[in-house]
Amino acid sequence: MTFSEFHDTANHLWSQIPEVFKRGLHGMHVLENPKRDPNEPELFWLGEYLSPGYPTVLGGFEGLGRHIALYYGSFHAVAYPGFDWEGEIWETLLHELRHHLEFLAGRDDLVAEDLEYLQRYREGKRRRPTTE
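The sequence shown maps to residues 54 to 185 in my numbering.
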């Protein structure tokens with residue numbers, strides 16, 4: 054899938070989400086470059102919920118707004134023959150939207166799930182035999 058097709062697909066899917074769920078979001082952005090996990094560079098982030106935080110966190114400047122970013126380059130990096138681009142875009146949008154809704158509700162359940170996933174990944178990586 055080209056960047057242009059990805060962008061159009063993401064925007065179409067985004068338009069299918071009822072506005073009530075987007076309350077407080079300043080938009081969804083499609084970025085061309087990949088994004089790697091800063092601590093596990095072999096892991097790619099497909100999307101990200103960007104929030105200035107609560108007002109008490111570093112001032113939480115609300116003017117920055119809350120956004121969802123999708124990283125085309127990351128999708129491209131993990132794609133394989135038969136990759137369900139639309140399904141993965143949809144799943145990633147909903148995942149990041151859940152982060153937003155939990156933020157509004159004062160919850161961080163999905164953050165905890167994401168951290169558990171990373172912990173399991175790291176534990177599995179440590180147990181893998183090396184081929185050196």
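Idealized CB from N, CA, C, for every residue including glycine.
Identify which residue in the options has its Cα closest to the Cα of residue i.
i, options, result
"Gly118", "Tyr102, Glu144, Pro71", "Tyr102"
"His153", "Phe56, Trp143, Glu72, Ser104", "Ser104"
"Ser57", "Glu95, Tyr124, Glu93, Trp98", "Tyr124"
"Met81", "Pro91, Glu95, Thr55, Thr145", "Thr145"
"Gly126", "Glu169, Val164, Leu99", "Leu99"
"Asp162", "Glu149, Arg173, Tyr174", "Glu149"
"Pro71", "Lys88, Glu169, Leu147", "Leu147"
Please list the terminal residues of the continuous beta strand (DSSP E) segment that includes residue i.
i, result
"Val83", "78 to 84"
How is the alpha helix (DSSP H) around residue i delimited, first residue to last?
i, result
"Glu101", "Segment 100 to 103 is the beta strand (DSSP E) holding Glu101; no alpha helix (DSSP H) there."
"Arg151", "138 to 157"
"Tyr124", "Where Tyr124 is concerned, there is no enclosing alpha helix (DSSP H), although the beta strand (DSSP E) it sits in stretches over 119 to 124."
"Ala63", "56 to 68"
Using the Cα positions of residue i and residue j, report the straight-line distance between them to the nearest angstrom.
i, j, result
"Val83", "Glu176", "32 Å"
"Ile121", "Arg179", "32 Å"
"Val110", "Gly135", "Only weak support exists for where Val110 lies, its pLDDT of 49 falling under 50; the value from the coordinates is given anyway. The alpha-carbon atoms of Val110 and Gly135 are separated by roughly 43 Å."
"His129", "Glu155", "28 Å"
"Leu171", "Asn86", "22 Å"
"Trp143", "Ala158", "22 Å"
"Asp167", "Ala132", "21 Å"
"Gly140", "Phe59", "12 Å"
"Asp61", "Gly77", "23 Å"
"Thr55", "Phe74", "28 Å"
"Glu95", "Arg173", "15 Å"
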